[in-house]
Structure formats: structure tokens, C-alpha cells
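Structure first, commentary second.
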Amino acid sequence: MKLFPQLLSLALLTGTLTMNSCSSKKEKEASEEKPGIEKTAYGKLPDGQTADLFTLRNAAGMTAQITNYGGIIVSLTAPDKNGKFEDVTLGQDSLSSYVKNNPYFGALIGRYGNRIAKGKFTLDGKTYNLFINNFGNHLHGGKVGFDKVLWTATPVDGDEPALKLKYTSKDGEEGYPGNLTVEVTYTLQKDNALKIDYQATTDKPTVVNLTNHTYFNLTGGAKRDILDHVVSLNADRLIPVDKTLIPTGKLQDVANTPFDFTNPTVVGKRINDSTDTQIKYGGGYDHGWVLNGPADSLKLAATVYEPTSGRLMEVRTTEPAIQFYTGNFLDGTVTGREGFPYKKRYALCLETEHYPDSPNHPAFPTTTLRPGETYKSTTIYQFSTKKE
Ligand code: BGC
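UniProt numbering puts the sequence shown at residues 1 to 388.
Listed below in C-alpha cells is the structure:
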């Protein structure tokens, strides 16, 4: 009998505890569904610095996970035609995997997106030599590009959560002149769009061409290759390249070539057309297209549709060109979060940028940035679904 009150109070206590854990679980679930930004530790870099992982969520349930190491988009979810959110990017399982070997998955690219021939350019009469890291050329900023540095991160909470990243690239880094202060802001919008705003200033004349190198596979979880994805590019002209993927300097009409994506076209349809020299050089698509419409204002650049999931991605940008790369160099050596290998053409990239090797082509839109000027660029990747 004497025990009864104790048992009762124990039961009550347990009940209370259960109720508490119920309500805290609900609160947790609710907070997980609420729009906003959350920060967690991601891991330690070889030099001892700590990288963080930021999870941005909008009210619709879309999430973007971004680390301040390389500004890498670690995952990005989008709904399919049944409302199921799945990751539509390629990504790795840990910070150490990204550090060990990352073919630029999700990363910010700088100072110069794509190639500079022989790693050399002349500006105001002075010749600069950059780090050579790609068949005699300079690619994606060199040995330690912006994809491999730790950015200072400032989370911005709200219905449209944002992550502001800042990095100062020292005068002479990778061979480039000038201290360059770069700010990149990722914003997860209410309308299931990820917006990327880039800004940079310098204290000496230099060249800048920033982009993001996310590999997309709209099947969700990279279930298979992207050859069935349907792509359109708002571009009448291609920037043809030589064998080492350096622009020849001329522009080429896409009409009647495998590069005509002015109407939505299945990626695999002409990707192996070995009679086309440009396809041969790229090993598929690995080229810049000149976007139609005014440079510097936001315009539709590309659409990607994946028929089985119904997912549609629209890319808008202020940049004058887009690099469409079909993962031709993926060879299964890098595995994803689920542990399976990412093979050739398991993803496509749509890198909005200026033309490759612009510093060596005075006729191309300039990539020179001078003290007192501000480099500005915006790209938006928006997700929705459509029925066939
Ligand atoms: C380039 C490819 C390169 C890939 C990964 C793309 O932007 O055009 O040639 O293999 O990035 O580095």
C-alpha cells in the first residue's frame, strides 16, 4: 500500500516524461519543418581548422546543405511529381572525402571558372603565370582554388534562409594579381529556387570568373546516368575548343549540329556523334554556349527535365555564357553518400560564367576587374515538376 503512492508518482513521472518527450519530439519535428538555417560541425581539415555544415530549409520542405569548406553544396533536395523530396546533386559522404578527391562536386570555383590557356595571360602589359593543373592549362583556379579553401560563414535566418560566405584571396595566390575579396551568398527561396549571388573587389587589376560546379542528376539519388534528361539551352552559338578544350576564339552557330539545344532535346541523342569534331574533343558535351539575351541581366539560360520523376530545373543567370558538362570524366573512382560509384555521365553541370580563356581573347566579354569596380553576378536554379 505504502508503495502505491510511490508507484503512482513514478507512473505520473514516467507519464510526464513520456508526455515531455512526445511534445519535445513534436517540437523537434516542427522545428525541422520550419524554414530557417541550422549549423552543425562538419569536421576537421588537415590543418586543424573546423568546417561547418549549414542546413537551409524553406517552408515547402526543400533543403540545401552547404559547407563553408569550398562553399560546397553537399546536398540539395527537390520534389518529384508525387511530392517526394530527394537529393538532385552528386555529393560525398564526409568532409574528408571532399578533401581527399573532389571533382568539384557542388563547389565554388575561382578565381577563374574553366581554363586559361597555358596558365598565362597579359594584363596592362604584364604577363602572369598561373598554376598549371590540366593538360598544360590552368583549370578552375589552380592547385588550391576557391573550392578547397575555408570560407568565413554568416548564416541569415528567415523564411528565405541564406548563407553568406566570404574569402580573401591574397595577392599572388595561384599566380593571380591583387588581393581579391569575394562574397558569395546562397539563398534558399520560397519558390524552391537556390539563388547564388557573387560579388568581388580587388586592390590591383586582375581577372575574375566565378561559378558553382554542382553536378545535377534529377532522378534523385543519382539512380542512373543523365542520358535521358531533356535539356534546352537558350543559346544560338557555341564556343568551339581545341583538343585541350581551349577556345579557338571563333564562335560557331549551333544550328544543324549536335550542339543545338534551342529546343528541348534528350542529352543522349547526339552525345556520341563521333563525326563531330567538337563532340570528339569534349568526349561528349564539355563546352561553353553563348547565351542569347542581354549580358548582365537575369535571363533564362537552360532547362533540364527528367521524365520519370517529373522534375524540372530552370537556370537563370546574369552571365553571358554557360558551360554544359556531361560528366564525361567521371569514371566510378569517386563514390557517393550511398557508397555506389559515380560513373561516366552520371550527372550534368550547368556552370554559368564568362567564356573560357577570356583573358587571352580581347574580343570575348572582359573578365578584367579593376580597383574601384565591383564584380557582380547572379544565378538561380529553380525546381518544379511537370507532366509529359
Ligand atoms: C570542365 C571539364 C572538367 C570538369 C571537372 C568542367 O567545368 O569543362 O572539362 O573536367 O569541369 O573539372
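Don't be surprised by glycine CBs; every beta carbon is placed ideally from N, CA and C.
Note that the structure is a prediction, hence the values are computed from the model and not measured.
Exercise for the section: Identify whether residue 382 lies in helix, strand or coil by the three-state DSSP scheme. Expected result: Translated into the one-based positions of the sequence shown, residue 382 becomes position 382. Three-state DSSP puts residue 382 in a strand.
Practice task
Sort 166, 158, 141 by Cα distance to residue 182 and report the nearest one.
Solution key: Numbered from 1 along the sequence shown, position 182 holds the residue referred to as residue 182. The shortest C-alpha separation from residue 182 is found at 166.
Practice task
State the DSSP-derived secondary structure class of residue 234, mapped to helix, strand or coil.
Solution key: Translated into the one-based positions of the sequence shown, residue 234 becomes position 234. Reduced to three states, the DSSP call for residue 234 is coil.
Practice task
Could you spell out the range, first to last residue, of the beta strand (DSSP E) harbouring residue 75?
Solution key: Your numbering for residue 75 matches position 75 in the sequence shown. Taken as a continuous stretch (DSSP letters only), the beta strand (DSSP E) holding residue 75 covers 73-79.
Exercise for the section: Please report the Cβ distance between residue 292 and residue 234, rounded to the nearest whole angstrom; I am assuming they are in contact, meaning their Cβ atoms lie under 8 Å. Expected result: Indexing the sequence shown from 1 puts residue 292 at position 292. Indexing the sequence shown from 1 puts residue 234 at position 234. Going by Cβ atoms, the distance from residue 292 to residue 234 rounds to 5 Å, so yes, they are a contact pair.
Handout entry: Contacting residues, own chain, Cβ-Cβ under 8 Å from residue 246 (five flanking each side not counted)
Key = Residue numbering aside, residue 246 sits at position 246 when the sequence shown is read from its first letter. Result list for residue 246: 115, 117, 137, 356, 357, in chain order.
Practice task
Compute the minimum distance between the beta carbon of residue 213 and the heavy atoms of the ligand BGC, and state whether it is under 8 Å.
Solution key: Numbered from its first residue, the sequence shown carries residue 213 at position 213. Because some heavy atom of the ligand BGC lies under 8 Å away, the Cβ of residue 213 counts as near it: yes.
Practice task
Can you grab the Cα-Cα spacing for the pair residue 375 / residue 368, in whole Å?
Solution key: Locating residue 375 in the sequence shown gives position 375, counting from the first residue. Locating residue 368 in the sequence shown gives position 368, counting from the first residue. Distance between the alpha carbons of residue 375 and residue 368: 9 Å.
Problem - Exposure label - residue 49; buried when at least 16 CB within 10 Å - result: Looking up residue 49 in the sequence shown gives position 49. By the 10 Å Cβ count, residue 49 comes out exposed.
Handout entry: Coarse secondary structure for residue 36, derived from DSSP in three states
Key = Here residue 36 is taken as the residue at index 36 of the sequence shown, counted from 1. DSSP places residue 36 in strand when its eight states are reduced to three.
Handout entry: Residue span of the alpha helix (DSSP H) that contains residue 277, given as start and end
Key = Taking the sequence shown and counting its residues from 1, one reaches residue 277 at position 277. It spans 277-282 - the alpha helix (DSSP H) in which residue 277 sits, taken as one unbroken run.
Exercise for the section: Answer with buried or exposed for residue 148, where buried requires no fewer than 16 other C-beta atoms within 10 angstroms of its C-beta. Expected result: For this step, residue 148 is matched to residue 148 along the sequence shown. That one is buried.
Problem - Any chain B beta carbon closer than 9 Å to residue 149 - result: Absent from the structure is chain B; it holds one protein chain and no more.
Practice task
Could you tell me which residues DSSP pairs with residue 166 in its beta bridges?
Solution key: Taking the sequence shown and counting its residues from 1, the one referred to as residue 166 is at position 166. 152, 183.
Practice task
Put residue 95 into one of helix, strand or coil per three-state DSSP.
Solution key: As a working mapping, residue 95 is identified with position 95 in the sequence shown. Reduced to three states, the DSSP call for residue 95 is helix.
Handout entry: Contacts around residue 20, its chain only, beta-carbon distance under 6 Å, and the 5 residues preceding and following it disregarded
Key = For the purposes of this step, residue 20 is taken as residue 20 along the sequence shown, with counting starting at 1. Note that residue 20 scores 36 on pLDDT, short of 50, meaning its location in the model is unreliable and no value can be drawn from it.
Handout entry: Contact check, residue 347 vs residue 216, beta carbons under 9 Å
Key = The count along the sequence shown starts at 1 and reaches residue 347 at position 347. The count along the sequence shown starts at 1 and reaches residue 216 at position 216. Yes; because the gap between Cβ atoms is below 9 Å, this pair is in contact.
Problem - Continuous beta strand (DSSP E) stretch holding residue 323: start and end - result: What you label residue 323 is simply residue 323 of the sequence shown in a count that begins at 1. Note, residue 323: beta strand (DSSP E), 321-325.
Problem - Simplified DSSP state of residue 85, which is helix, strand or coil - result: Position 85 of the sequence shown, counted from the first residue, corresponds to residue 85. If DSSP states are grouped into helix, strand and coil, residue 85 belongs with the strands.
Handout entry: Own chain residues within Cβ distance below 6 Å of residue 107, not counting five before or after
Key = If you number the sequence shown from 1, residue 107 lands on position 107. Same-chain partners within the cutoff: 70, 72, 147, 213.
Practice task
Kindly examine the ligand BGC and report whether one of its heavy atoms sits closer than 8 Å to the Cβ of residue 112.
Solution key: Taking the first residue of the sequence shown as position 1, residue 112 is located at position 112. For the ligand BGC, not one heavy atom lies less than 8 Å from the Cβ of residue 112.
Practice task
Give the DSSP-derived three-state secondary structure of residue 41 in the structure shown.
Solution key: By one-based count along the sequence shown, residue 41 stands at place 41. Residue state, collapsed to three classes: strand.
Exercise for the section: Please confirm whether residue 386 and residue 305 have their CB atoms less than 9 Å apart. Expected result: As a position in the sequence shown, residue 386 is number 386, starting the count at 1. As a position in the sequence shown, residue 305 is number 305, starting the count at 1. Yes, these two residues count as a Cβ contact at 9 Å.
Handout entry: Any non-hydrogen atom of the ligand BGC within 8 Å of residue 103 CB
Key = Against the sequence shown, residue 103 aligns to sequence position 103. Yes, the Cβ of residue 103 comes within 8 Å of a heavy atom of the ligand BGC.
Practice task
Could you tell me the distance, in whole angstroms, from the CA atom of residue 60 to the CA atom of residue 380?
Solution key: The sequence position of residue 60 within the sequence shown is 60, counting from 1. The sequence position of residue 380 within the sequence shown is 380, counting from 1. When rounded, the distance between both Cα atoms is 17 Å.
Handout entry: Near the ligand BGC: residue 329 beta-carbon under 8 Å from a heavy atom
Key = The count along the sequence shown starts at 1 and reaches residue 329 at position 329. Correct: residue 329 has its Cβ closer than 8 Å to the ligand BGC.
Exercise for the section: Evaluate contact between the segment 119-128 and the segment 40-58, counting only Cβ atoms and requiring at least three cross-stretch pairs below 8 Å. Expected result: no
Exercise for the section: Compare the Cα-Cα distances from residue 238 to each of 279, 199, 200, 188 and report the closest residue. Expected result: Looking up residue 238 in the sequence shown gives position 238. The residue with the shortest Cα to Cα distance from residue 238 is 279.
Practice task
Look at the alpha carbon of residue 285 and the alpha carbon of residue 88, and state the distance between them as a whole number of angstroms.
Solution key: In the sequence shown, residue 285 corresponds to position 285, counting from 1. In the sequence shown, residue 88 corresponds to position 88, counting from 1. For residue 285 and residue 88, the distance between alpha carbons rounds to 20 Å.
Exercise for the section: Could you please give me the residues that DSSP links to residue 350 through a beta bridge? Expected result: Taking the first residue of the sequence shown as 1, we reach residue 350 at position 350. 324.
Practice task
Give me whichever residues DSSP pairs with residue 56 in a beta bridge.
Solution key: By 1-based counting over the sequence shown, the position of residue 56 is 56. Paired residues: 37, 64.
Practice task
Keeping to the same chain, check which residues put their C-beta closer than 6 Å to that of residue 382; ignore five residues upstream and five downstream.
Solution key: In the sequence shown, the residue the question calls residue 382 occupies position 382. Closer than 6 Å at Cβ, skipping near neighbours: 193, 314.
Problem - Under 9 Å between C-beta atoms of residue 345 and residue 226 - result: On the sequence shown, residue 345 is found 345 positions in, with the first residue counted as 1. On the sequence shown, residue 226 is found 226 positions in, with the first residue counted as 1. Closer than 9 Å, so yes.
Problem - Inter-residue Cα distance where the pair is residue 154 and residue 163 - result: As a working mapping, residue 154 is identified with position 154 in the sequence shown. As a working mapping, residue 163 is identified with position 163 in the sequence shown. Each residue's Cα considered, the two are about 6 Å apart.
Handout entry: Beta-carbon contacts of residue 123 that lie in its chain and below 8 Å, excluding the five residues immediately before and after
Key = Position 123 of the sequence shown, counted from the first residue, corresponds to residue 123. These residues qualify, in order along the chain: 177, 205, 206, 207, 359, 368.
Exercise for the section: Using a threshold of 9 Å, state whether the C-beta atoms of residue 377 and residue 210 are closer than that. Expected result: Sequence index remark: in the sequence shown, residue 377 carries index 377 (1-based). Sequence index remark: in the sequence shown, residue 210 carries index 210 (1-based). Yes, they are a contact pair.
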